[in-house]
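Mind the numbering: the sequence shown is residues 1 to 187 in this note's numbering, read in order. Everything on this sheet refers to the single structure shown next.
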Amino acid sequence: MRLFTALWPSEEAVRHLSSTVDRLDPDLVAEATAGLRKFRFTAPQRWHLTLCFHGDDADQQHVTDRLERRVAQLRAADPPRLRLAGAGTFRGVLWTGVEAATEADDITLRALVRAAGGDPHDYRAHLTIARWVGGRADRELLPGLFADYAGPWWQCRELTVVCSDLREGAPVYRTVHRAAVPPESSG
Numbered sequence: 001m002r003l004f005t006a007l008w009p010s011e012e013a014v015r016h017l018s019s020t021v022d023r024l025d026p027d028l029v030a031e032a033t034a035g036l037r038k039f040r041f042t043a044p045q046r047w048h049l050t051l052c053f054h055g056d057d058a059d060q061q062h063v064t065d066r067l068e069r070r071v072a073q074l075r076a077a078d079p080p081r082l083r084l085a086g087a088g089t090f091r092g093v094l095w096t097g098v099e100a101a102t103e104a105d106d107i108t109l110r111a112l113v114r115a116a117g118g119d120p121h122d123y124r125a126h127l128t129i130a131r132w133v134g135g136r137a138d139r140e141l142l143p144g145l146f147a148d149y150a151g152p153w154w155q156c157r158e159l160t161v162v163c164s165d166l167r168e169g170a171p172v173y174r175t176v177h178r179a180a181v182p183p184e185s186s187g
């Protein structure tokens, strides 16, 4: 089963970024994406931060048990305060970055990455907002559309284990497990 552990931004954060995307000048977008094949913004309901990709043949029970066990060890940590801000590109991807409000929030975010099974040292918090299949993006022009972007602050209240079902078109996401951050006390 193709699984990943994700953190989803708040509805307010999604609305804010979606509104920013909707207000982009079409001429500037056309200029910034010239030469890119099949450039498209991803749907806001798909916007998430992948903390760990578990692979195409991951064992759901193992992934969820490990996540619960590791998140339970974070009981003293407050949910991190985050916001979406800035932008950059990877090959075929335009992303907006994620800022932590304080150093403690950054430490907690990295602890959540570790709890999910990811490597907190190599982790670059980001949210994919657009994709393309070919061509080279201008390293400044395309991310420059969001260079001054800073969304509202929000707190991460849960992690989700998501099954990504590859079908024609975009993958279909289905949440198979939720883990509260911090974990709800059992007594």
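Glycine included, every Cβ here is placed at the ideal spot set by N, Cα and C. Quantities reported herein were computed from a predicted structural model and do not represent experimental measurements.
Within the same chain, Pro80, Ala100 come within 6 Å of Leu109 by CB-CB distance, once the 5 residues on both sides are set aside. With a 10 Å radius around the Cβ and a threshold of 16 neighbouring Cβ atoms, Arg23 comes out exposed. Contiguous beta strand (DSSP E) elements confined to the segment 87-155 occur at 93-100, 126-131, taking only those with 3 or more residues. Residue nearest to Thr96 within the set Leu142, Leu74, Asp165 is Leu142 (criterion: CA-CA distance). For Ala58, no beta strand (DSSP E) segment is defined, and its DSSP state is neither H nor E.
With respect to Ala13, Gly86 sits apart: the two C-beta atoms are not nearer than 8 Å. Here Thr5 is near Ala116, since their CB atoms are less than 8 Å apart. In the three-state scheme derived from DSSP, where H, G and I count as helix and E and B as strand, Asp22 is classed as helix.
Restricting attention to Val133, Glu68, Thr20, the CA atom closest to the CA of Ala150 is found in Thr20.
Taking all protein chains shown into account, His121 has fewer than 16 neighbouring C-beta atoms within 10 Å of its C-beta and is therefore exposed. Contact annotation: the segment 59-70 touches the segment 154-169, with at least three C-beta pairs closer than 8 Å. Contact check for Arg83 against Trp153 passes: the beta carbons are separated by less than 8 Å. Minimum Cα-Cα distance from Val113 among the listed residues Arg46, Arg178, Gly135, Thr50 corresponds to Thr50. Val93 is the residue among Thr102, His16, Thr128, Val93 whose C-alpha sits nearest the C-alpha of Arg136. Exposure of Leu166 is indicated by the presence of fewer than 16 other C-beta atoms within 10 angstroms of its C-beta. Inter-residue distance for Arg37 and Thr89 is about 15 Å (C-alpha atoms, whole angstroms).
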